[in-house]
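A short worksheet on the structure shown next.
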Amino acid sequence: KNQVEQSPQSLIILEGKNCTLQCNYTVSPFSNLRWYKQDTGRGPVSLTIMTFSENTKSNGRYTATLDADTKQSSLHITASQLSDSASYICVVSGDGGSQGNLIFGKGTKLSVKP
Amino acid sequence: DTGVSQNPRHKITKRGQNVTFRCDPISEHNRLYWYRQTLGQGPEFLTYFQNEAQLEKSRLLSDRFSAERPKGSFSTLEIQRTEQGDSAMYLCASSLGQIEAFFGQGTRLTVV
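In structure tokens, the structure reads:
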């Protein structure tokens, strides 16, 4: 069964600290993996999209890694800011799979405190 | 074109009433997706279209739910005889093939 599991479910950190969010997936065949940021009451906004051949991709203070062999991805946030408080959703796209080929994780809720 | 647009942003309705939501995707995006999201959960797939064809429907899409994309552009999602359990955020997304999906801001439905 195609699944995307994220951990931790929630995380509280102090402003300025770094953190890492995890995503494990069993989607096969694999096409790409995306990380979205979703502010409360808003639609998800794309942070990165990674294909099979990419190991690392950065977007400002966000760095995503992908290990296609172990089917794991991480999202590292550097020097966190209060505005980073949001849910971070990992989405895996499979080739020829169901659900429109987009399998969603349940997200990690990040709270950045002053 | 400023992205995926959803209307209305908020809808409060009485139980048993019908509601309809609209989604305008990014121009020339051939795929359009509908999701439902409840508090603290990730988006749950409801259905998706490729052009005007509805290619897949989730089991979550009961017979009270219907979605259309008549001309392969905008889409509507109708819920008939609403129930309190239908209260959720309804998200629409569009993409060009399997390239990155862009989401709208969602329609927050509250059934009282």
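If you read the protein sequences in the order shown, they are chains U and P. Note that the numbering used here has the first sequence beginning at -16, numbered continuously upward. Note that the numbering used here has the second sequence beginning at 22, numbered continuously upward. Backbone N, C-alpha and C fix where the C-beta goes; we use that ideal spot for every residue, glycine too.
Are any of the Cβ atoms in chain P nearer than 8 Å to that of residue i?
{"i": "U:Pro(-9)", "result": "no"}
{"i": "U:Leu4", "result": "no"}
{"i": "U:Phe13", "result": "no"}
{"i": "U:Phe35", "result": "no"}
{"i": "U:Gly90", "result": "yes"}
{"i": "U:Ile72", "result": "yes"}
So which residues of chain U does residue i contact, with C-beta pairs closer than 8 Å?
{"i": "P:Phe124", "result": "Tyr19, Gly26, Pro27, Val28"}
{"i": "P:Glu121", "result": "Arg17, Ser29, Ile32"}
Of all Cβ atoms in chain U, is any one closer than 8 Å to the Cβ of residue i?
{"i": "P:Tyr111", "result": "no"}
{"i": "P:Gln101", "result": "no"}
{"i": "P:Gly127", "result": "yes"}
How is the beta strand (DSSP E) around residue i delimited, first residue to last?
{"i": "U:Asn7", "result": "2 to 8"}
{"i": "U:Glu(-12)", "result": "-13 to -10"}
{"i": "P:Val133", "result": "Per DSSP, P:Val133 belongs to no beta strand (DSSP E) and is neither H nor E."}
{"i": "P:Gln58", "result": "52 to 58"}
{"i": "P:Thr34", "result": "31 to 34"}
{"i": "U:Ala69", "result": "69 to 77"}
{"i": "P:Gln62", "result": "Counting along the chain, P:Gln62 falls outside any beta strand (DSSP E), and DSSP gives it neither H nor E."}
{"i": "U:Gln55", "result": "55 to 60"}
Please list the partners that residue i has in chain U, where partner means a Cβ-to-Cβ separation under 7 Å.
{"i": "P:Pro64", "result": "Phe87"}
Per DSSP, which residues does residue i bridge with? Please list them.
{"i": "U:Asn42", "result": "U:Tyr45"}
{"i": "U:Glu37", "result": "The partner list for U:Glu37 (beta bridge, DSSP) is empty, contrary to what the question assumes."}
{"i": "U:Ser(-7)", "result": "U:Lys92"}
{"i": "P:Ile175", "result": "Because chain P spans 22 through 133 in this model, residue 175 of chain P falls outside it and cannot be assessed."}
{"i": "P:Ser26", "result": "P:Asp45"}
{"i": "U:Lys20", "result": "U:Val28, U:Tyr71"}
How about residue i: is its C-beta nearer than 8 Å to some C-beta of chain B?
{"i": "U:Gln(-8)", "result": "Included in the structure are the protein chains U and P, with no chain B among them."}
Of all the beta strand (DSSP E) runs that stay within the bounds of the segment 67 to 133 of chain P, which reach a length of 3 or more residues? You should have 74 to 78, 86 to 89, 96 to 100, 109 to 116, 128 to 132.
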